[in-house]
Amino acid sequence: MIVDSILMASTITVSGVIMVVNGWKWRMACLSIFQLIAFLLVVQIWPVALAAVKLIAGWIGITVISAAMVRMERESETPQNRSFRLYKLAMSGLTWIAILVLVPRLNIWLPISFPYLFSGLVFFLCGFLFLSIHEEMIETIIGLYILLAGFDIIYSSLEGSALVTGVYAVILISISILGAYLQGGFSSGGEV
Amino acid sequence: MSAPIIWVIIPAIASILLFFFRKKSDLISLFQTGTCFLLAGLNYLVKFEPAVRSRWFDIILSPELELLGRSLTLTANYSFISGVLYGFLGIWTLIQFFTKEKSLLTPLGLLFNALMLAALTVEPFLYSALIIEAAVIICVPILMEKKEIPTAGLSRFLIFLTLGMPFILLAGWFLAGGEISPINEEQLLLATLLLGLGFIFWLAVFPFHTWMPLISEKMKPLKGLYILVILPVVVYLLLLKYLDGFVWLRDYALIFDSIRVFGLIMVVSGCIWAIFQTNLRKMISYLLICSLGTMLLSASVNSNEGFLNGALLIFPRLAIFLLAAVAISLLEKKESPLTIYQLKSAYFHTPLGSLGLIVALISMTGMPLTIGFAPMLVLYRLLFDVSHIAVILVLVSMAWMTISFLRIAYQVFLPTEFDSADRETLTEKILMAVLLGVILLIGIFPGPPLSLFTNFISGFEFLIR
Chain A
1 MIVDSILMAS TITVSGVIMV VNGWKWRMAC LSIFQLIAFL LVVQIWPVAL AAVKLIAGWI
61 GITVISAAMV RMERESETPQ NRSFRLYKLA MSGLTWIAIL VLVPRLNIWL PISFPYLFSG
121 LVFFLCGFLF LSIHEEMIET IIGLYILLAG FDIIYSSLEG SALVTGVYAV ILISISILGA
181 YLQGGFSSGG EV
Chain B
1 MSAPIIWVII PAIASILLFF FRKKSDLISL FQTGTCFLLA GLNYLVKFEP AVRSRWFDII
61 LSPELELLGR SLTLTANYSF ISGVLYGFLG IWTLIQFFTK EKSLLTPLGL LFNALMLAAL
121 TVEPFLYSAL IIEAAVIICV PILMEKKEIP TAGLSRFLIF LTLGMPFILL AGWFLAGGEI
181 SPINEEQLLL ATLLLGLGFI FWLAVFPFHT WMPLISEKMK PLKGLYILVI LPVVVYLLLL
241 KYLDGFVWLR DYALIFDSIR VFGLIMVVSG CIWAIFQTNL RKMISYLLIC SLGTMLLSAS
301 VNSNEGFLNG ALLIFPRLAI FLLAAVAISL LEKKESPLTI YQLKSAYFHT PLGSLGLIVA
361 LISMTGMPLT IGFAPMLVLY RLLFDVSHIA VILVLVSMAW MTISFLRIAY QVFLPTEFDS
421 ADRETLTEKI LMAVLLGVIL LIGIFPGPPL SLFTNFISGF EFLIR
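Going down the list, the protein sequences come from chains A and B.
If you count the first sequence from 1, position 150 lands on 150 in my numbering, and the numbers rise without skipping.
If you count the second sequence from 1, position 287 lands on 287 in my numbering, and the numbers rise without skipping.
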């Protein structure tokens with residue numbers, strides 16, 4: 001119970017932080033924590049080995065994107081004023097409230113315990129919000145990562161298939177490789 | 001040996017291996033063309049277990065390949081789809097080779113096709129959502145122009161098609177429960193909603209269609225239009241497979257009404273945007289939306305004839321957009337992207353390219369003696385029985401589009417007082433003449449080739465009653 005409460009609080013905190021921070025290093029750090037939270041939730045209902053696959057795949061993906069960002073020596077952030085950050089935080093706050101209201105209703109259809117559904121939806125909608133606010137390709141990849149992590153928590157509570165876990169892990173890594181590719185991380189002398 | 005190894009695993013591995021040799025583009029183009037024609041041709045030599053060998057060249061294969069408790073089941077019902085997918089890719093790659101258009105479709109097209117077939121043949125078919133997502137990721141480098149910053153269209157393509165996956169997986173989970181025990185009305189409504197959302201994202205239904213014109217605008221048609229033509233067709237077949245697989249869904253009247261509304265939105269919005277579009281590449285993308293809408297409308301009739309006609313509409317789609325892609329590629333030699341204003345007197349410097357474009361556009365509207373005529377006529381008749389408003393809206397949209405295309409044709413054939421040099425090479429002329437000849441011939445005698453396309457849905461035994 002205490003662990004779940006801590007995890008839910010962390011979910012809210014990290015989803016708020018990733019919306020506000022601008023540097024890619026901070027964002028990657030937040031993504032890593034997202035994956036860790038997802039792992040700590042999933043490991044309570046799945047075997048450790050299977051849950052670890054998700055965590056490792058997520059972290060490998062984040063490493064691939066980070067490597068491309070470092071290689072390009074690119075600080076992708078554009079200056080953001082305080083009002084824009086406040087706006088994003090306010091939007092996140094509204095999303096959290098909406099989720100708190102919606103979860104009991106959704107629980108009727110999806111037989112998942114509250115912390116899983118809540119955390120999953122916070123991630124999912126945070127990813128959705130992130131995708132709708134940001135426009136750069138690498139931000140799209142980050143948004144998809146958050147969104148898929150959220151869906152993963154919800155779907156893992158419903159379906160415990162090893163094959164789905166495997167394919168999902170491959171998809172996560174592929175998305176990060178794609179992000180690195182589009183960011184120019186694979187280019188050598190202008191060749192695509 | 002099992003069939004999925006030949007049509008899914010081997011092409012996928014070949015594609016990955018060829019990727020490392022992509023600088024030798026001519027060589028891998030020819031290799032991909034050969035492989036595709038070989039894979040397409042093999043469909044006619046292969047029989048599936050438990051068949052018996054009747055000809056000396058018959059090859060008997062097991063249809064199933066087990067993977068971690070799941071299976072890819074490529075039965076005889078899917079061999080026609082496989083033949084069309086690989087045959088079409090082979091033709092497309094060959095045309096790319098002759099027109100010197102290089103793109104990552106060679107060699108990633110083989111992997112894309114393998115994933116499309118895997119999505120259609122995986123059992124339980126709920127896993128198809130994950131495979132489609134993998135294919136979407138593969139599509140992004142194909143759709144991206146070399147050395148260009150990824151566009152908003154690519155971002156949206158990735159976002160919208162990825163968003164489809166969670167909804168389809170969740171809907172699948174709901175419906176899988178319904179396979180064992182009947183689900184109540186509320187659950188069915190929720191599953192329908194989730195499935196609807198998933199397919200809206202995947203099929204680029206308004207307002208989630210914006211990635212299509214954005215991508216088309218930046219991309220040379222011969223480079224990536226293949227993806228925009230094939231991906232929605234496979235998603236359409238997956239929709240039929242879902243309807244075929246779940247009796248609860250099939251018997252739920254709301255499903256077919258929803259499909260009709262989506263189809264109508266796609267046809268009407270696609271036509272209107274195509275009419276007001278001046279950029280040819282964007283116009284083609286709206287026509288793609290419109291074409292998919294006609295397929296959905298046909299399926300929405302919920303009868304054998306409707307589903308069969310939906311399959312027949314796939315053939316004009318493939319032929320029309322191939323012709324349009326080649327024609328635009330020839331017309332864009334001097335200026336790109338091309339607007340309809342630049343088509344003035346185009347017939348006098350690019351005769352076959354211009355003719356190809358006009359034939360493609362007119363065929364899209366379903367005019368008599370064109371390849372689109374027969375299935376569109378059947379669609380009007382079928383739709384008239386279920387919804388008069390729908391058929392009137394489609395007819396008005398098509399008529400309006402026809403008038404607009406006739407105006408383009410007038411511009412193209414407008415005599416010019418300036419001497420203009422012929423911009424088409426002999427190879428291009430032969431290529432275009434062959435394509436035009438075949439398409440016009442099929443337009444005049446549509447029976448035999450179109451009837452083959454009913455095989456597209458022969459695997460859906462519960463849908464075809």
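The C-beta atom is built at its ideal place from N, Cα and C for all residues, glycine as well.
In this text, all values refer to a predicted model and were calculated from it rather than measured experimentally.
Thinking residue i and residue j are a contact (beta carbons under 8 Å), I'd like their distance in whole angstroms, please.
i	j	result
A:Gly143	A:His134	7 Å
B:Phe199	B:Val235	7 Å
B:Leu264	B:Leu297	7 Å
B:Lys220	B:Glu305	In fact, because the Cβ distance is near 38 Å, the residues do not count as touching under 8 Å.
B:Ser300	B:Phe256	5 Å
B:Gly83	B:Ala40	5 Å
B:Gln96	B:Ser29	6 Å
Just tell me which of the options has its CA closest to the CA of residue i.
i	options	result
A:Ile249	A:Ile62, A:Ser66, A:Phe34, A:Val20	Past the edges of chain A, shown from 1 to 192, lies residue 249 of chain A, and the structure says nothing about it.
B:Val233	B:Val267, B:Ile289, B:Lys218	B:Ile289
B:Ser258	B:Ser71, B:Ile403, B:Thr192, B:Phe445	B:Thr192
B:Phe418	B:Leu436, B:Ala346, B:Ser363	B:Ala346
B:Glu64	B:Arg22, B:Ile13, B:Ile6, B:Phe31	B:Ile6
B:Arg70	A:Thr11, A:Ser161, A:Leu121, A:Arg105	A:Ser161
B:Met466	A:Met137, A:Leu110, A:Ala149	In the structure displayed, chain B extends from 1 to 465; residue 466 of chain B sits before or after that span and is not available.
B:Ser291	B:Leu343, B:Ser363, B:Val326, B:Leu355	B:Ser363
B:His349	B:Ala327, B:Pro368, B:Thr370, B:Thr278	B:Ala327
A:Trp26	A:Ile62, A:Trp46, A:Leu86, A:Leu41	A:Ile62
If you drop the 5 nearest sequence neighbours on each side, which residues of the same chain put their C-beta closer than 8 Å to that of residue i?
i	result
B:Ile457	Leu237, Leu240, Phe307, Leu308, Gly310, Ala311, Leu463, Ile464
B:Leu138	One point to set straight first is that residue 138 of chain B is Ile, not Leu, in the sequence displayed. Cβ within range, chain order: Leu108, Leu111, Phe112, Leu115.
A:Ala98	Leu125
B:Leu508	Only positions 1 to 465 of chain B appear in the structure, and residue 508 of chain B is not among them; the question remains open.
A:Ser92	Ser15, Gly16, Met19, Cys126, Leu129
Here's the rule: buried if 16 or more other CB atoms are within 10 angstroms of the residue's CB, otherwise exposed. What is residue i?
i	result
A:Gln80	exposed
B:Ser128	buried
A:Ala38	buried
A:Pro115	buried
B:Gly172	buried
B:Leu72	buried
A:Ser132	exposed
A:Val164	buried
B:Ile407	With the sequence shown as reference, residue 407 of chain B is identified as Arg, and Ile is not the correct amino acid for it. Looking at its Cβ environment, which holds fewer than 16 other Cβ atoms inside 10 Å, B:Arg407 is exposed.
A:Phe84	exposed
B:His209	buried
B:His388	exposed
B:Val359	buried
B:Asp26	exposed
Can you list, in chain order, the residues of its chain whose CB lies under 7 Å from that of residue i, leaving out five sequence neighbours each side?
i	result
B:Tyr242	Leu195, Leu249
B:Leu188	Trp248, Tyr252
A:Ala57	Ala169, Leu172, Ile173
B:Leu214	Thr151, Ala152, Gly153, Arg156
B:Ile131	Leu115, Ala118, Ala119, Val122
For chain A, find out if any of its Cβ atoms is closer than 8 Å to the Cβ of residue i; answer yes or no.
i	result
B:Pro375	no
B:Ser103	no
B:Ile152	With the sequence shown as reference, residue 152 of chain B is identified as Ala, and Ile is not the correct amino acid for it. Yes, its Cβ sits closer than 8 Å to a Cβ of chain A.
B:Ile28	no
B:Val235	no
B:Ala134	yes
B:Gln187	yes
Beta-carbon within less than 6 Å of residue i's beta-carbon, same chain only, minus the 5 sequence neighbours each way: which residues are those?
i	result
A:Val43	Ala51
B:Thr402	Thr365
B:Val229	Phe321
B:Lys24	none
B:Val268	Leu393, Ser397
Is the CB of residue i under 8 Å away from at least one CB in chain B?
i	result
A:Ile175	yes
A:Phe151	yes
A:Gly189	Because A:Gly189 sits at a pLDDT of 48, beneath the cut-off of 50, its placement in the model cannot be relied upon, and the following sentence gives the value as read from the coordinates. Not closer than 8 Å to any Cβ of chain B, the Cβ of A:Gly189 fails to qualify, so no.
A:Ile171	yes
A:Ala90	no
A:Ala180	no
A:Tyr116	no
A:Val122	no
A:Thr140	yes
A:Val167	yes
A:Leu144	yes
Is residue i a contact residue of the ligand PLP, with contact defined as CB to any heavy atom under 7 Å?
i	result
B:Lys282	For the ligand PLP, the structure offers nothing, since it holds no ligand at all.
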